[in-house]
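Protein chains: 2
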Amino acid sequence: MRVTIYEVGPRDGLQNESVTLPVEVKREFIRRLAEAGLTTIEATSFVHPKWVPQLADAAELLAGMPREPGVCYPVLVPNERGLDRATAQGVTDIAIFGSATESFAQRNLNRTVESQFEMFAPVVERALAGGMRVRAYVSMCFGDPWEGPVAPEQVVRVGRRLLDLGCYQLSLGDTIGVGTPGHVDALLDAFEAAGVGPDRLAVHFHDTYGQALANTLAALRRGITVVDASTGGIGGCPYAKSATGNLATEDLVWMLDGLGVETGVDVRSLVATSLWLADLLGRPSPSRVVQALSKES
Amino acid sequence: MRVTIYEVGPRDGLQNESVTLPVEVKREFIRRLAEAGLTTIEATSFVHPKWVPQLADAAELLAGMPREPGVCYPVLVPNERGLDRATAQGVTDIAIFGSATESFAQRNLNRTVESQFEMFAPVVERALAGGMRVRAYVSMCFGDPWEGPVAPEQVVRVGRRLLDLGCYQLSLGDTIGVGTPGHVDALLDAFEAAGVGPDRLAVHFHDTYGQALANTLAALRRGITVVDASTGGIGGCPYAKSATGNLATEDLVWMLDGLGVETGVDVRSLVATSLWLADLLGRPSPSRVVQALSKES
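The listed protein sequences derive, respectively, from chains A and B.
Just so we're aligned, residue 1 is where the first sequence starts under full-length UniProt numbering, counting upward by one.
Just so we're aligned, residue 1 is where the second sequence starts under full-length UniProt numbering, counting upward by one.
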C-alpha cells in the first residue's frame, strides 16, 4: 500500500504562524521538503495579502523557486484575481477553499454556501481550460465553532457540487480538530452512498484535540490514500484559539512507516527541517515525533 | 459499548514528574479524579523509595485517603516487602510490573525475564490468598530502547506466565511509545492464537511519538475494553528522554465521547484538574484537549 502525503506546511502551516518569514527561507523550507521525499507540496496562496500577510509574497516566492522533477507544487487560489496571479507564475495545480457551513462561508468567504459555487465556477472553468488540475478543500466538515457538529449529508452536498464543477479531489477538513473516528466513518459512508468513493477524497485533520492521527487511521482503513499534513505540525486554527495546528507530517510518517505503508518520505530529514524552522518561528514544534527524535543522543 | 479507563496518573504519571508533591495534594488529585467519574485509579506504588522518591509516601497517602464507593484504588507492588506494606493499608487490588525484554528486566528489576516470575510468584500467591485481585503490567511490549522492536511471541510468552500465576488481566505497555496500529493488531493476533482473548487484556500507551490514540483505536476495534491513561498526560519515560508521557485521559475521553462509547467520565472536570495540577508541577499539560479547552472563553 502507498499513501500520498499532501504537504500543506508552507501554506496552511505558515499562514497561521505569527512570525513572518523571508521569501528565501520559505523557498529553502520547500526545497528541504522535496529533498525529504515529499512529492506534493502546497507552496503558497494567492489570497489577498490583507487577509494573509504571511503569504503576500506568493508571486515572488514562485518566481524564484526551483522545481524538482516529480514534485507537484499546488497553490491556493481563492478567486479569479488569484487565478490570474497564479497563471502568471506558470502554476499547473491549484486548490480552492470551500466551506461546508453557512457560518464559516460567511466569515471566511463573505458569502453563503450556495453563492460560493458562483465564485468558484469561473475559477475552475478557466483553470481546467488552461490545463490545470483543481483540488477542492471543504472546510468545517466535522464541527463548526458557531454551529457545532456538522451533518455528513451537508458536507456531501457541498462536496458533490465542487466535484461537479470539475475538481479532481475533495480534501475533507476538520478545521477545528473536534472530529473523532466514528464521525470519519459516517462521513465516508455518506460520500459512498452519494457515489463518491475514496479515490476522489483526501483527509485533512487538525490535531487541536489530539484526534488527527486516530482519524487518519480510520480513513486509511476506509481506503483513503491521500492525507494532508504539515511538517512540524505548524499552523493552528485562529477559530479554535489553539497553538496546535495540522496533523504533523512526522507523526503521520511514523505511523505509516510502522504500518509498512510506503510514502517515500524520510522522517528524520523532516525532523531536522522542523527543528531548523522552529528556531525561525520562535516556538517549538508541537509534533510529538519532532520532540522525541530531537532528544535522541 | 462501554470502556473502563484505568487511570494511572497518580502512580505512573507522578512517578516520572520531577516536582515532588505533598501527600495532601496527591489525595486531592485522587479525590478529583473520582469526582470526575473515574472508577479505577491506581493510587501509588510500594516500590522502594530510593527508586521512586515521588511515591515514598505511599503508606501515608493510603492511610488518610478517603475512598469513594464504587471506586477501586489499586497500587503497584513490586515484591513481597511491597505486598506487606500494601496489606498493612488494607489494599484490595494490586498490580505487578513485569518486563517483556531481557534488557529492561535487567535494568528495571535487576533480573532476567525468567527469574522475574520467581519474584512475582509468592507475591501473587499471597495476594490471592488474601482475597486481592492482581493485575500484571507487561512493559516494553512493542519496542525496547536497547533491543529495538519486540516480537509479539516474546510478549505472549511473558504474558501467559503472568496469567498462569493468577493475574486477572495483562496491561500491554508501549513503555517508550514507538508502536503503531499494525503492531497492535499483530500483538493481539498473537495473544488470540495463544488462547488469550481481549477480555483478559488492557492496553497502556505512551504518546511519545504521537501514536497513543491511534493505537488505542486499533485496540478498541479488536474488542479491548480497558484502556490505561493518565490525566493531563503527565508522566514521561526516562528511557525515551521525552517530556511526553502516558496517553492523556482527556484525549482518550474526547475520542470515546465522539465514538458514543460510555466511560462515565466528565472530560471538562478532568481538564480543570489538569490545569490545577500543571501549576503545581510547574509545566503545562501535554494533553491536546487540556490545551484546547483551557483556551475556551
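All residues carry an ideal CB built from backbone N, CA and C; glycine is no exception.
Predicted model only: the values in this text are computed from it and were never measured.
Neighbourhood of Gly173 (chain A) in chain B, by CB distance below 9 Å: empty, with the nearest CB roughly 17 Å away. A Cβ-Cβ separation of about 14 Å leaves Val113 (chain A) out of contact with Ala121 (chain A) under the 8 Å criterion. For Glu7 (chain A), the enclosing beta strand (DSSP E) stretches over residues 4-7. The three-state secondary structure of Phe46 (chain A), taken from DSSP, is coil.
For a cut-off of 8 Å, the C-beta gap from Val3 (chain A) to Val261 (chain A) is around 5 Å, short enough to register as a contact.
Pairing Val23 (chain B) with Gly182 (chain A), the inter-Cα distance amounts to about 41 Å. Around the CB of Glu125 (chain A), fewer than 16 other CB atoms lie within 10 Å, so the residue is classed as exposed.
Looking at the backbone, the Cα of Gln15 (chain B) and that of Ala272 (chain A) are separated by about 31 Å.
About 5 Å separates the beta carbons of Val289 (chain A) and Asp251 (chain A), which is inside the 8 Å limit, making them a contact pair.
The stretch 162-178 of chain A and the stretch 172-188 of chain B do not touch, with fewer than 3 CB-CB distances between them shorter than 8 Å.
In the displayed model, Gln116 (chain A) falls within a helix according to three-state DSSP. Contact annotation: Val134 (chain A) and Leu109 (chain A) have beta-carbon atoms that are not nearer than 9 Å.
Of all residues in the stretch 251-267 of chain A, only Asp251, Trp254, Met255, Gly258, Leu259, Gly260 come within less than 7 Å of chain B when Cβ atoms are compared, listed by chain position. Straight across, the Cα-Cα distance linking Leu187 (chain A) with His204 (chain A) is about 13 Å. Spanning the alpha carbons of Asp199 (chain A) and Asp185 (chain A) requires a straight line of approximately 15 Å. Contact annotation for His183 (chain A) against chain B: Gly258 [CB-CB distance below 8 Å, chain order]. Contact between Leu55 (chain B) and Arg11 (chain B) holds, since their C-beta atoms are separated by about 7 Å, short of 8 Å.
Our two residues, Leu217 (chain A) and Leu259 (chain B), have alpha carbons roughly 14 Å apart in a direct line. Ser287 (chain A) reaches chain B at Gly210, counting residues in chain order whose Cβ is nearer than 8 Å. Under the three-state reduction of DSSP output, Ile30 (chain B) falls in the helix class. Rounded to the nearest angstrom, the Cβ distance from Pro74 (chain B) to Asp93 (chain B) is 4 Å, consistent with a contact under 8 Å.
Following the DSSP letters along the chain, one finds Gly258 (chain A) in no beta strand (DSSP E) but inside the alpha helix (DSSP H) bounded by residues 249-258. Using a Cβ distance threshold of 9 Å, Gly177 (chain B) and Ala212 (chain B) count as a contacting pair.
Interface criterion not met: the Cβ of Val23 (chain A) is under 9 Å from no Cβ in chain B. The way I'd put it, the stretch 34-51 of chain B doesn't touch the stretch 265-282 of chain A; fewer than three beta-carbon pairs between them come closer than 8 Å. Listed as beta-bridge partners of Val75 (chain B) by DSSP are B:Thr44, B:Ile94. Remark: C-beta atoms of Val138 (chain B) and Leu162 (chain B) approach each other more closely than 9 Å. Where His204 (chain B) is concerned, the enclosing beta strand (DSSP E) starts and stops at 201-205. Interface annotation, Thr180 (chain B): in contact with chain A, CB-CB separation under 9 Å. Looking from the CA of Val156 (chain B), the closest CA among B:Glu147, B:Met255, B:Phe142 belongs to B:Phe142.
The beta carbon of Leu61 (chain B) sits closer than 7 Å to those of Val23, Lys26, Arg27, Ala43, Thr44, all from its chain and outside the five residues before and after it, given in chain order. Cβ proximity to chain A below 8 Å picks out Asp207, Thr208, Tyr209, Gly210, Gln211, Leu213, Ala214, Thr216, Leu217, Ala218 from the stretch 189-222 of chain B.
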